[in-house]
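Student: Dropping the structure in here first, questions after.
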Amino acid sequence: MRNKKLCKGRRDSGGQKVAGGSGNNIRRTSRSNARDQSDDLPPDPFKRLSLELLCHALSFLPIKDVMKMESQNRQWQEAVVMYLKLLSDVDFVEQEIYGWMPSMFNDASFSAFLRRCPQLAVIHGLHMKQISRRRRRGSEGLSVPGVIGALQACANLHAVEISDVHLLEGVLFYLPHVKILGCFKNRDCVFPAPDRNKFALVSSLQLQAVHLVGVVLERLPRLAVMRELLLKWVHFTDPHPFRDFSAPLLTTFVMTNCAGPSNAVQYVPLITALSGSSSLTRLELVRVPFISGLFQHVVEDSWRTEGFRHLQHIEFGACKYAVEADAGYLCIACSSQLTELALQPSLTKDSFFSSLQHSEVDFPNFENLKLGYVDPFPPQSRYSDEELMVFRLGDLSQNPANISDSGLKAVGRVFPSLTSLSLYNCPYLCKLTQWLTPGQGSFSLLNSLHLKRCHSINPDSLFGLLAFLPALEILHLENMFREPPKGCSRVGLSAGTGLGVSSALVANHGAPNMEPGEVIPNHADFEPGQILQEDDLVEDEEEEAVDHNDMDVNVIEDGMIYDVPLNESGQQPSTSKEKPSTGESCSSKCTCEKASKDGESSRKGKSLKGKKKGLVKKTAPTTREQGCQAISAEIREATKSANCSDKDKGPCDCNCHRDVKSEGSTLRIVSSAPGKKGPSPKAKAPLSRRKKRGVSTQDQSTSTSDPVLEEDHDQVLIVNSSSLTTLILQQVGITRMVLVDCPKLHTLTIQQCRVFRSLRVTRCSMISKVVVSQCKKLEHEEFVGEIASQPPVANRSIILRPMANYSANEMERTLLGSPNIKNHVYLMHDYVDDPLEMLRARSRADSWANNLMSITAGIIANGQPEAEKLHGTVKDYPWGRNIFRAQGKNLDGTPWDLITDMPWIRAHAHFLTKMATKLTSDVEDAPKPSKEKCRTALRMFVTHVVQNDISEIRELQQPLFLYATVIIVNMCDYERPQPIYDQYM
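Structure, rendered in structure tokens:
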């Protein structure tokens, strides 16, 4: 009461009311101030709009923004209420391809929202990140019963888009009248399929397309309206899951890596049901163990009813019992419609294509062929064979494909309209020019060629094939031209064969016999792995005489010469007689010091070091073939036996010849002591070992199991094609590449090429995008200079991810100091290590360079002279260019630096670098409809910022280049043992 009286105020003696409490005064004052301020503000334009126009404006906003507008004022609140009452279609993912519902929804809020939409008929994007199968007490999330209850409250609902298998079961059971929009694809894809993902397909299912991944199914029922069925990582629990299956309207059937019955007989109903689908156009079977010859019998029985007659895409992968007859009968049945065929290695044989050729069947629409196809799942590094056996997937081994060059020749005859060819692990392909048939135009329409792990193909053979492919545009080489292991050239092993017999120690036809007294000459120009020929054997009368049998193998290692005598049969004799040494004999107490004490090897009194260490010399009679295999362990044991010590006298200055018996073989050891002039007075100084950049620095040996110092095997890939547009190299063992006369080549990608060193480019001016990553031995400065020196016809983008052999100063000198580079340079070093941030950094650099060069093009079009070359040649910094540098940070805080010679951004470098990150990120994060508007705004911003510099350039008549070369160097892999995985490269 007391507060009430204070609020009422008081009256004076004349009966007039006097202002009483302070609260009323404050309230009146605030109202008057607000009224005065509102009078000063401009009128709100939305107040003049009707609710209908406001509802129309709300229809362009996402649903979450619509709900935010409700809290603005009373007018917008009324507009939102009216908009929801009239709403008939809602999209919770805002038109994103793989979006999710807002996380703010739970059972109560979702139900309340749908109650405010009485006219709702269609719901798009009902994709929840987390949804429980049952309600949980105290849980604030979404549950299947809560969502089903909310949907039941919508009386006019007739279509919904979902992606959860449990929610699909609930909709099919409680809301049978509601249609499932589009193709149902579950998003909780897990391998192996967990038990919680149990799902039951019912025969009354009205879906036309179902993609199930990582789901547990009992069986496949009759699906009357099904048109597309994809099963991946599906676990079937019924022992007879296909006995009731039929789908007469099916057009696509894919079954890959599914754990079904192990008995192949249980798949007979599946193949029979597929033959009854007369509209089937796509068939993919991976790890489906059907009976051998099953397709042959089914095709013969169903060809009158057009079974498999309309197939366009056939794929067989890891089918255990599949034979050539199965794939052959399918191809013949659908020859008029077939466009794509993928065959597993066991079906990739010469006989398959020879049979198709003799069947005289035409394939007029055939375009794509994959031979030796291997499904990429499962990754070998993640699951072992024992684990896959538990999942019923491991009872299979993939062997290489058995197709040869004659089989590819038959391919060219059978499929004359072939446009894409992929070959995987075909070791019997070596002479690619034999694929061609003269006069028939084989492979004349081939547009794409992908070679992977075909190790018998050499670069010269591929170069010969490219000349006969006039329509080739894409060449993809992966795991090709494998370099031989270190040491193979020493002992003559073939790379990758796994053979243990050294061809260098086998009889060499045409080599003369070594007569007694003959020795191995010392050739200063002898290269590693070289076999001495007859002309190289020059007698030296002043050298030491060594006795030999009919064939001796002289192995030089650690300063010793080991003579391995052989008998007539080419084997090591079981016993050998000791021969007296020709040199001065040693007493029992003397010591022979090892000749290679400081890294030198003594051979016939001549020093040997560096590349000479670990050489093998072989000689053989001309009348018969003899062979043996030198064992490193025996040689080392013989070396040990030859080294003795005398504590009293110390090492003696003498030459020792000893015959050491080791397991039935005789190793003749010739050792020369240092400091004592041996029998050969022509001893040379040790050869100096020059360490080259990027060369392995391991020790040499005569065994491939030992580390060696050896130059990489030189393999040169020459590419000459007038139609090639894209060249991709992944894990290719070439050391050099030469691009000659490729006028249409615009994309070059080189990744993980371990021994790749250099590139030569001639007349390839269209190159506009180059990506090089994880090439340890590449000379990056020389590589970029070779690309940038080509006459430009457009802006170029070069992306580098060096691991070694990179110098920022040398790169700047190469790009900015070379007079042959006739374009502007934009060099950026980025230190970000997140793949997404790498992509944003590349987009930022490309965006700024393209926008700035578009301004240059406009200036040149308006009369500004274009620079043809730099004025003179300046050898010192800044090499005659107008250079400026800038630095900044990415969104994650990692630094980047920039150097360029674009003249109009020097004055605004700081402002541009600050705004570049924000504007470019806004462009990349914007939705698709507004991305073009953002790019236009960014271009206008650049024009406004550099307007003053443009005017200055016009006044000074400063020449400009029309194009620019953008080099983005990401340093995330530099000097790291393991590179960072980047899925965007």
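Start counting the sequence shown at 1; every next residue gets the next number (UniProt numbering). Positions of the beta carbon are idealized from the N, C-alpha and C atoms, including for glycine.
Going by DSSP in three states, Asp385 sits in which element: helix, strand or coil?
Tutor: helix
Student: Run through DSSP, which three-state label would Ala121 get?
Tutor: coil
Student: Following the continuous alpha helix (DSSP H) through Asn809, name the residue where it begins and the one where it ends.
Tutor: 808-816
Student: Would Val966 and Ala845 be called neighbours here (beta carbons separated by less than 7 angstroms)?
Tutor: yes
Student: Spatial neighbours of Ala808 within its chain, please: C-beta separation below 7 angstroms, excluding the five flanking residues on both sides.
Tutor: His829
Student: Straight-line CA distance for Gln751 to Gln731?
Tutor: Between Gln751 and Gln731, the C-alpha separation is close to 6 angstroms.
Student: Please name the residue or residues paired with residue 987 in a DSSP beta bridge.
Tutor: Look at the range of the chain in this structure, 1 to 985, and you will see that residue 987 is not part of it.
Student: Look up Asn197 in the DSSP assignment and say whether it is helix, strand or coil.
Tutor: helix
Student: Looking only at its own chain, which residues have a Cβ that is under 7 angstroms from the Cβ of Gly328, when we skip the five neighbours before and after it?
Tutor: Phe352, Ser355, Leu356
Student: Find out if the Cβ-Cβ distance for the pair Phe245, Leu283 is shorter than 7 angstroms.
Tutor: By the CB criterion at 7 angstroms, Phe245 and Leu283 fall outside the cutoff.
Student: Per DSSP, what are the beta-bridge partners of Leu87 in this structure?
Tutor: None; Leu87 has no bridge partner.
Student: Can you give me the C-alpha to C-alpha distance between Gln266 and Ser163, rounded to a whole angstrom?
Tutor: 31 angstroms
Student: If you draw a straight line from the C-alpha of Gly146 to the C-alpha of Ser847, how long is it?
Tutor: 48 angstroms
Student: Under a Cβ-count criterion, where at least 16 other Cβ atoms within 10 Å of its own Cβ denotes burial, should Gly863 be classed as buried or exposed?
Tutor: exposed
Student: Over what stretch of residues does the beta strand (DSSP E) that includes Thr726 continue unbroken?
Tutor: 726-730
Student: Do you know whose CA, among Leu175, Met838, Lys129, lies nearest Gly149's CA?
Tutor: That would be Leu175, whose Cα lies nearest to the Cα of Gly149.
Student: Could you pull the start and end residues of the alpha helix (DSSP H) that Tyr329 belongs to?
Tutor: 324-333
Student: Please work out which residues of its chain come closer than 8 angstroms, Cβ to Cβ, to residue 987, disregarding the five sequence neighbours upstream and downstream, and give them in chain order.
Tutor: This structure gives no information on residue 987, because the portion of the chain shown stretches from 1 to 985.
Student: Among residues of its own chain, excluding the 5 on either side of Tyr831, which ones have a beta-carbon nearer than 6 angstroms to its beta-carbon?
Tutor: Thr894, Pro895, Met971
Student: Please state whether the Cβ-Cβ distance between Leu84 and Cys117 is less than 7 angstroms.
Tutor: yes
Student: When DSSP labels each residue in this structure, what does Tyr981 get in the three-state scheme?
Tutor: coil
Student: DSSP state of residue 1048, grouped into three classes?
Tutor: Not covered by the structure: residue 1048. The range shown for the chain is 1 to 985.
Student: Between Pro400 and Pro376, which are expected to be in contact by the criterion C-beta below 8 angstroms, what is the C-beta distance as a whole number of angstroms?
Tutor: So it is not a contact: roughly 17 angstroms between Cβ atoms.
Student: Under 7 angstroms Cβ to Cβ from Asp982, same chain only, skipping five residues before and after it: list those, please.
Tutor: Pro835, Met838
Student: Leu49: which of Asp65, Ala79, Cys430 sits nearest, CA to CA?
Tutor: Ala79
Student: From Gly888 to Asp897, what distance separates their C-alpha atoms?
Tutor: 6 angstroms
Student: Starting from Ile899 and walking both ways along the beta strand (DSSP E), at which residues does that stretch end?
Tutor: Taken as a continuous stretch (DSSP letters only), the beta strand (DSSP E) holding Ile899 covers 895-900.
Student: Tell me, please, which residues DSSP counts as bridged to Arg282.
Tutor: Thr252, His313
Student: Within 10 Å of its beta-carbon, does His746 have 16 or more other beta-carbons around it, so buried, or fewer, so exposed?
Tutor: buried
Student: Should Leu338 and Phe363 be called a contact, given that it needs their Cβ atoms to be closer than 7 angstroms?
Tutor: yes
Student: Which residue wins for smallest C-alpha separation from Leu739, given the options Ser721, Gln72, Ala259, Met389?
Tutor: Ser721
Student: Which residues mark the beginning and the end of the alpha helix (DSSP H) in which Ser111 is found?
Tutor: 107-115
Student: Helix, strand or coil for Arg413 per DSSP?
Tutor: helix
Student: Just checking, does the stretch 208-216 make contact with the stretch 226-235 on the three C-beta pairs under 8 angstroms criterion?
Tutor: yes
Student: From Asp901 to Leu724, what distance separates their C-alpha atoms?
Tutor: 32 angstroms
Student: Below 6 angstroms CB to CB, which residues in the same chain sit around Thr749 once its five sequence neighbours on both sides are set aside?
Tutor: Around Thr749, the same chain offers Ile728, Val771 as residues with beta carbons nearer than 6 angstroms, after the five sequence neighbours per side are excluded.
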